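Inspection log for the structure reproduced underneath, given as structure tokens.
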Amino acid sequence: MGRGRYIVIEGGDGVGKSTIVQLLAERIARDAGLKTLITEEPGSLRDEKGIIVVPIAHELRIMIKAKSLTRSPLTNVLLLNASRRENWLQGIEPALVAGYDVISARNWESTTAYQGFGQGWDIDHIEAMVLEATSKEYMHPDFTFILDLPEKERLARQGKRDYNSSADTFESLADDFHTRVNDGYRTIAELRGYPLISARPSPDEVVDAIWQHVHSPEQK
Numbered sequence: 004m005g006r007g008r009y010i011v012i013e014g015g016d017g018v019g020k021s022t023i024v025q026l027l028a029e030r031i032a033r034d035a036g037l038k039t040l041i042t043e044e045p046g047s048l049r050d051e052k053g054i055i056v057v058p059i060a061h062e063l064r065i066m067i068k069a070k071s072l073t074r075s076p077l078t079n080v081l082l083l084n085a086s087r088r089e090n091w092l093q094g095i096e097p098a099l100v101a102g103y104d105v106i107s108a109r110n111w112e113s114t115t116a117y118q119g120f121g122q123g124w125d126i127d128h129i130e131a132m133v134l135e136a137t138s139k140e141y142m143h144p145d146f147t148f149i150l151d152l153p154e155k156e157r158l159a160r161q162g163k164r165d166y167n168s169s170a171d172t173f174e175s176l177a178d179d180f181h182t183r184v185n186d187g188y189r190t191i192a193e194l195r196g197y198p199l200i201s202a203r204p205s206p207d208e209v210v211d212a213i214w215q216h217v218h219s220p221e222q223k
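Residues 4 to 223 (the working numbering) are what the sequence shown spells out, left to right.
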């Protein structure tokens, strides 16, 4: 069994990352016959039964998501790097070595988008800090896809969710913050050459578009 692939689904709030990650993992397992595991950032890898693999990463997620805990952008970067370091070392990297395809909702590019473009922290500094906390392998997944929605549609999707009561640290920030984040994602896609995938079609159609990349003849 060879090393698995690290596949990242990125994008702003409301674009459907969690749904796409789940559907993509199921399709890879069903149609390609490969073992898959799912993770999220901030957070932990989950095993085949959905059990959290890296408890410290999960506990840091709870802290990061708590909007009542006021903090600076730099503190967010530090907390996110602590969570991703442990999730990478204890969860994702061992899973890849064991031959699992790991499909992640977000990775370090979220910090570029949210703390860099959104909160104004220096992007070069963010990249250097992430590299120190993780590795080149972590920072260069086999595939990164950015889901994209026009701003009005993204806000409409968010409006269908109960954000008044459940919005987390970043979801609860003002619309102009999220506009900067989503514009930032488009810039990141252009700079890094990541496929920018429209999130407007149905989830199955979005997965079809991603599938063309991860299961192309060149990847077999």
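Just so it is clear, CB atoms sit at the ideal spot from N, CA and C, and this is done for glycine as well.
All values reported here derive from a predicted model rather than from experimental measurement.
Residue 54 (DSSP reduced to helix, strand or coil): Reduced to three states, the DSSP call for residue 54 is coil.
Where residue 128 falls, given that 16 or more other Cβ within 10 Å makes a residue buried: exposed
First through last residue of the beta strand (DSSP E) which encompasses residue 104: 104 to 108
CB contact check: residue 97 to chain D, cutoff 8 Å: No chain D appears in this structure, which consists of one protein chain only.
Integer Cβ distance of residue 90 from residue 48, believed to fall under 8 Å: 6 Å
Coil, strand or helix - residue 231 by DSSP: Any question about residue 231 goes unanswered here, given that the chain covers just 4 to 223.
Contact belief for residue 80 with residue 124 at Cβ below 8 Å, rounded distance in angstroms: 6 Å
Which residues DSSP lists as bridging residue 147, in chain order: 11
8 Å Cβ cutoff met for residue 56 and residue 14: Note that the C-beta distance between residue 56 and residue 14 is not below 8 Å.
Buried or exposed by the 16-neighbour rule on C-beta atoms within 10 Å, applied to residue 107: Buried.
Whole-angstrom distance between residue 10 and residue 140, CA atom to CA atom: 12 Å
Close Cβ partners of residue 43 (< 7 Å) along its chain, the five nearest in sequence each way excluded: 107, 108 and 109
Contact set for residue 113: own chain, Cβ-Cβ below 7 Å, skip 5 residues either direction: 13 and 44
Cβ-Cβ separation, residue 148 to residue 197 (assumed contact under 8 Å), whole Å: Contact between residue 197 and residue 148 holds: CB atoms are separated by about 7 Å, below the 8 Å threshold.
Selected residue, minimal CA-CA separation from residue 35, among 7, 134 and 50: Minimum Cα distance to residue 35 is reached at 7.
Rounded straight-line distance, which links the Cα of residue 76 to that of residue 200: 28 Å
Unbroken alpha helix (DSSP H) run spanning residue 31, endpoints: That run of the alpha helix (DSSP H) goes 20 to 34.
Nearest-angstrom Cα separation, counted from residue 126 out to residue 208: 33 Å
Cβ-based neighbour list, residue 165, same chain, cut-off 7 Å, excluding 5 preceding and 5 following: In this prediction, residue 165 scores a pLDDT of 49, lower than 50, which makes its location untrustworthy; the coordinate-derived value is nonetheless stated afterwards. Result list for residue 165: empty, nothing under 7 Å.
Contacting residues, own chain, Cβ-Cβ under 7 Å from residue 30 (five flanking each side not counted): 210 and 214
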